[in-house]
Amino acid sequence: MTAPITLQLNGRSRQVNSDPATPLLYVLRDELALNGAKFGCGLGQCGACTVMIGTEAAFSCLVPVGVVGERPVKTVEGLGSKHEPGPMQRAFIDEQAAQCGYCIAGMIMRAQALLERNPSPTDAEIRRHMAVNLCRCGTHMRILRAVRRAADGLRSRT
Amino acid sequence: MKRRSFLSATGALVVSFRWPADAVAQGPLPGSLAKQPLIDGWVRIGTDGRVTVLTGKVELGQGIKTALLQLAAEELVIAPERVSLVTADTERTADEGYTAGSHSMQDSGTAIRHAAAQARTILIGLAATRLALPVAQLSVENGVVRGGGQSVRYEELLTAGQVLHVKAAPQASLRDPARHTVAGKPLPRIDIPAKLSGGAAYVQDIRLDGMVHGRVVRPPSPGASLTQVDAAAVERMPGVLKVVRDGRFLAVIAQREYQAVTAMRALEKAAQWSEQATLEDVEPVYDAVRRSPSQDFVIRNQGRAPAAAAGVGTRGVSATYRRPYMLHGSIGPSCAVAHLVDGKTTVWTHSQGVFPLRKALAEMLGVPEASVHCIHAEGSGCYGHNGADDVAADAALLARAWPGKPVRVQWMREDEHAWEPFGPPMIASARATLDATGGVASWNYEVWSSTHSSRPGGAGDLLAATHLAKPFAPTPPKPLPQPEGGGDRNAVPLYALPQVHVVHHFLPQMPLRVSALRSLGAYLNVFAIESFMDELARAAHIDPVVFRIGHMPDARAQEVMRLAADRFGWARFKRSPMRGRGFAFARYKNLAAYAAIACEVEVRRDSGELRVLRVVAAVDSGEVVNPDGIRNQMEGGIVQSLSWTTLEAVTFDSWRVTSLDWGAYPILRFPQVPEQLDVHIIDRPGQPFLGTGEAAQGPAAAAIANAVADATGVRIRDLPLSRSRLRAAVGP
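Taken in sequence, the protein lines are chains A and B. Residue numbers are given in the working numbering: position 114 of the first sequence equals residue 114, and the series is strictly consecutive. Numbers in the working numbering are just positions in the second sequence, counted from 1, shifted up by 1000.
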């Protein structure tokens, strides 16, 4: 039995008992029963598992839970709920930016990391930043519009 | 969950019901009502006034749940928020076969619409009796029937017993599309909020009490046999419950998911395989296709015989087009949960056909069909027959090995890339002659393809069942019949041509397992026909849009072509060096949605890099139920086809599939998507629903190839139009 690990997750302190070598993704999904981060490739190639660690978007399938340390972890559950979606989620709903939706939680977290760092990205910057995440349904145009909408909304509020 | 035994309820009991005289029209029941004629097989009203719609079709990310719900809400005149949906379940819903072929709106949509309309008619009739008023004096609003200052809610009319447990009639008094308030409007998708807030939305998210995790160690190559495995060390690993071996099916069950993954990696190392070079005859791919024995079908022969027609035209043109093995490439690898309790296996699956899957699983397990219950749960988008059925078989086998506990199996990325049934390689060869006015005088077309469906079927169509010590044999492939076809889907041109000869060379052998990939053979056939129409237009010195419309007798086809060309600005397009425009059209299966696509591309001469700058599409899907759903399907189809068309091919050596991840099988990323993509919809109120889901795949491919030819002067006929291929063709 390994010593418990404390995660700062979505603004709360959570203790987990997984082996420190376990990728964060499996801790989130299997131990903490969170659905947001998805298994896509386990290789850091598709971004379905994207969460924020500190201020950066990260592949939770590659990060051992033991190395997260004090850095706060944010998943899509931390942005809002089905009934009270946060601004980024709202933008994706408004643009109906999903088909199967499997990649979308990861897309949202990657976009969130961009806007927290740069609230006024150009369209080219959005494309470049989002290049890491794959969508197979071809929802790209709507995802780009949703990120644009979220950025515009952020600016109009400040 | 309380489960009403739906099948037994519908088996014998048919309540007689007196229809108004004008409703007793003869003729077949519309859509899937023919398979399930009882109204309450499709719509039910609860005592709380909520409506439950039951469909045998499934949500694949195409938005079908929302569109079906809209139809029911519209015809029942009830707010969509008061309608919920049950999708395919072998013990609750109608057997509507597979959710495939862009059939859902025609089949299930038509059934639900007619069932809901007839339910409304029955309820209004009951209300007339209750309120002692003629039907003509009644109106309905949000589930309440009103008249003469009185009102009665739908649910209050149900006291007479199972009033909706009656057979549907061929005709229904459908609401006038001009007065629709829900159907035809862009209702937001009901499934999206949960999907982007971490709600339990997918089969991958199912967590049952006591659930354990399975992983399968697949053979390293299709022909490999398992010679030895020392599982003792693996069985001692933390959390490992059992190693399962049956023939060359090798798997591990563990308490936690990552324990299962870790144990699977260890088991991979512990297993010794004897491999065969079963793929050495598959390269080069197209030589193998040509060499493969074929069954030949003349699927169209009109006008003068080919021999006589050969001399008719003054100018002959010929060309050959090819596509490689391709992946479905779901972002989420396939997943299933199975639970064996008291001899009955319940399987949660993202299969496109829960009823055929139940049959195949029962055969594999050697149990009666009644001992298997398949419940659809959404997965990642599949775009056809991916690993969904196969992983359900894996889970069922592991549930048998670990009875009493639910077993969840999720494939790893390399499982999906190596073992999903691929889209098959194809070759199409076209020859035509032009007459003196530039019209097509003769058209000869041949297409070579193996099967486009190895769906279950039988147990032998489930991957794991073919790996057992007593293996099941795959169902021998058969060509899918015309008019929809498989490899010959859309092989017959929709254009009016004086002489047409079309041959389908069906290849029963398939060295690598292949099956249905979105649009089946239509992707290559439309790519070929629409590339060839461009080549002919060029030879005739006629604008390619004018050339197409000139050969097209179907007014709706003409209209989508004109709309796409107009909105694109085809006539006023100004060409600049290495920039060009392309156009293509198809009516999917020659009987579903009409789609025309125009695009503008730029090719870099030094690198061969292709950029699609702008795409304009027009689509006619008959009567529109959810315009944003159609737009989303068209946008997605175009972008996906752009990925297929410019990037994708499965690779392998003599032994193994080698494209095992997204590095070896790249797909489109954000920097490569068009700057602009517009979809224009032509609504046809009162016309039958035409499926949209696969309409864009072929036209998008041909429009891109035609634009590349326009930009560079070089015609590329082999897919994909990859950077290396373009650089070789146009580079310095």
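Just so you know, even glycine gets a beta-carbon here, dropped at the ideal spot from N, CA and C.
Environment of residue i [buried if 16+ CB atoms lie within 10 Å]
i, result
"residue 2 of chain A", "exposed"
"residue 1179 of chain B", "exposed"
"residue 1332 of chain B", "buried"
"residue 1467 of chain B", "buried"
"residue 1281 of chain B", "exposed"
"residue 1047 of chain B", "exposed"
"residue 1405 of chain B", "buried"
"residue 1219 of chain B", "buried"
"residue 139 of chain A", "buried"
"residue 1308 of chain B", "With a pLDDT of only 48 at residue 1308 of chain B, under the threshold of 50, the placement of this residue in the model should not be trusted, and no figure is reported."
Per-residue contacts from residue i into chain B (C-beta, under 8 Å)
i, result
"residue 39 of chain A", "1204, 1332, 1333, 1410"
"residue 49 of chain A", "Chain B residues near residue 49 of chain A: none, gap ~11 Å exceeds 8 Å."
"residue 134 of chain A", "1331, 1662, 1667, 1669"
As assigned by DSSP and simplified to three states, the class of residue i
i, result
"residue 1578 of chain B", "coil"
"residue 1183 of chain B", "coil"
"residue 1472 of chain B", "coil"
"residue 50 of chain A", "strand"
"residue 1740 of chain B", "Examination of residue 1740 of chain B is not possible in this model, given that chain B is present from 1001 through 1732 alone."
"residue 1041 of chain B", "helix"
"residue 1374 of chain B", "strand"
"residue 1535 of chain B", "helix"
"residue 1050 of chain B", "coil"
"residue 8 of chain A", "strand"
"residue 1637 of chain B", "helix"
"residue 1247 of chain B", "coil"
"residue 1093 of chain B", "coil"
"residue 1716 of chain B", "coil"
Interface partners of residue i on chain B, CB under 7 Å
i, result
"residue 33 of chain A", "1207"
"residue 46 of chain A", "1331, 1662"
"residue 81 of chain A", "1197"
Residue-level contact to chain A via CB, residue i, 7 Å cutoff
i, result
"residue 1258 of chain B", "yes"
"residue 1185 of chain B", "no"
"residue 1710 of chain B", "no"
"residue 1685 of chain B", "no"
"residue 1192 of chain B", "yes"
"residue 1415 of chain B", "no"
"residue 1084 of chain B", "no"
"residue 1100 of chain B", "no"
"residue 1750 of chain B", "With chain B covering only 1001 through 1732, there is no way to say anything about residue 1750 of chain B."
"residue 1024 of chain B", "Because residue 1024 of chain B carries a pLDDT of 45, less than 50, the predicted location of this residue cannot be relied on, and the following value inherits that uncertainty. For residue 1024 of chain B, the answer is no, since every Cβ of chain A falls outside 7 Å of its Cβ."
"residue 1267 of chain B", "no"
"residue 1200 of chain B", "yes"
"residue 1391 of chain B", "no"
"residue 1757 of chain B", "Only positions 1001 to 1732 of chain B appear in this structure, which leaves residue 1757 of chain B out of reach."
"residue 1673 of chain B", "yes"
Contacting residues, own chain, Cβ-Cβ under 7 Å from residue i (five flanking each side not counted)
i, result
"residue 1277 of chain B", "1654, 1655"
"residue 1033 of chain B", "1111, 1114, 1115, 1168"
"residue 1721 of chain B", "1610, 1645, 1646, 1704, 1705, 1708"
"residue 120 of chain A", "151, 155"
"residue 1628 of chain B", "1186"
Minimum Cβ-Cβ distance from residue i to chain B less than 7 Å
i, result
"residue 92 of chain A", "yes"
"residue 76 of chain A", "yes"
"residue 5 of chain A", "no"
"residue 42 of chain A", "yes"
"residue 153 of chain A", "no"
"residue 147 of chain A", "no"
Same chain only: Cβ atoms within 6 Å of residue i, ignoring 5 sequence neighbours per side
i, result
"residue 1275 of chain B", "1221, 1224, 1655"
"residue 1098 of chain B", "1352, 1353"
"residue 1529 of chain B", "1493"
"residue 1505 of chain B", "1294, 1296, 1448"
"residue 9 of chain A", "73"
Contacts of residue i in chain A (Cβ-Cβ under 9 Å)
i, result
"residue 1628 of chain B", "96"
Under 7 Å from the C-beta of residue i: neighbouring residues of chain A
i, result
"residue 1422 of chain B", "Simply none; closest approach about 15 Å."
Residues of its chain near residue i, where Cβ-Cβ distance is below 8 Å and the 5 sequence neighbours each way are ignored
i, result
"residue 1021 of chain B", "Legend: pLDDT at residue 1021 of chain B = 39, less than 50; position of this residue unreliable, value from coordinates given subsequently. Counting only Cβ-Cβ distances below 8 Å, and skipping sequence neighbours, we find nothing."
"residue 1286 of chain B", "1322, 1425, 1427"
"residue 55 of chain A", "113, 116, 117"
Within chain A, the residues that residue i reaches when beta carbons sit closer than 8 Å
i, result
"residue 1177 of chain B", "Residues of chain A passing the Cβ test: none, with the nearest at roughly 23 Å."
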